[in-house]
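Here the working numbering is used: the first residue of the sequence shown is 838, the next is one more, and so on. Every residue, glycine too, gets a C-beta built ideally from N, C-alpha and C. Report on one structure; see the data block that follows.
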Amino acid sequence: MKFLRYILWGALFIYIIILFLPKENFYFFIEHKLNEYKIVLGNETLSESFGIFNINDAHVLYYGDEAAKIDKIRVMPFILYNEIKFENIQIAKKFQNFAPSGIESVKAAFTPFYPIKLRLSLNGEFGEISGSYNMYGKKIYLVLKPHESFRQKYPGIYREFKDVDGELVYESSFK
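In structure tokens, the structure reads:
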């Protein structure tokens, strides 16, 4: 019983730390780092509830051109499981050669139990993508389960994927 009480006090302590983390300061730091790559987030509203940080109605500008609109970004910093989720992303027509236009959700999850891998999942009018990004090796691995019309709508993106054992796979490394 005493051990259970220590676990509960430890969990409460961690939750209180999460509640008082300076989430807005982290957000502004990331926004500053994105600005170095000429990516600017604008017109967004910030809010926080129960340790979850929300960013609503963000407009993404790339070199001054509107690249996308994101309805909601949810950041869940729970120390043992961290997740960032983007909902309802509308890509501008100018950038649709690089990404599909209607993305319902993008989720990136990280856990300190496996600190070198970032798990990724995307859903949208194109289909479903699941995969991972290896931060140590700087490699991305994605598996696409496309909708029937994906090949006709996005031929440029389709060419980037390779058919491996009946699955469409994208692999790349960054230096």
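Please say whether Pro937 and Leu858 have beta carbons closer to each other than 8 Å? no
Given a cut-off of 8 Å, decide if Phe1011 and Lys975 are closer than it, judged by their beta-carbon atoms. yes
Is Pro937 helix, strand or coil by DSSP? coil
Taking the C-alpha atoms as reference points, what is the distance between Asn872 and Ser969? 25 Å
In the DSSP assignment, find the unbroken alpha helix (DSSP H) run with Tyr864 in it and report its ends. 860-872
Contact under 8 Å by Cβ, Ala945 with Ala904: no
Below 8 Å on the Cβ atoms is my contact criterion, and I expect Gly961 with Ile940 to pass it. Report the Cβ-Cβ distance as a whole number of Å. 4 Å
Answer yes or no: do Leu898 and Ile892 have a C-beta to C-beta separation smaller than 8 Å? no
Using 8 Å as the threshold, is the C-beta distance between Glu924 and Ser942 below it? yes
What's the C-alpha gap between Gln933 and Ile889? 31 Å
Where Leu1005 falls, given that 16 or more other Cβ within 10 Å makes a residue buried: buried
Any beta carbon of chain D sitting closer than 8 Å to that of Phe840? The structure shown contains no chain D; it is built from a single protein chain.
Start and end residues, beta strand (DSSP E) containing Leu957: 954-961
Within 10 angstroms of the Cβ of Ala848, are there 16 or more other Cβ atoms? Answer buried if so, exposed if not. exposed
Which term fits Ile851, buried or exposed, when burial requires 16 or more other beta carbons within 10 angstroms of its beta carbon? exposed
Give me the Cβ distance between Glu868 and Leu878, rounded to the nearest whole Å; I'm assuming they're in contact under 8 Å. 6 Å
Around the Cβ of Ile926, are there at least 16 other Cβ atoms within 10 angstroms (buried) or fewer (exposed)? buried
Going by alpha carbons, who is nearest to Phe987 out of Phe947, Asn971, Ile966? Ile966
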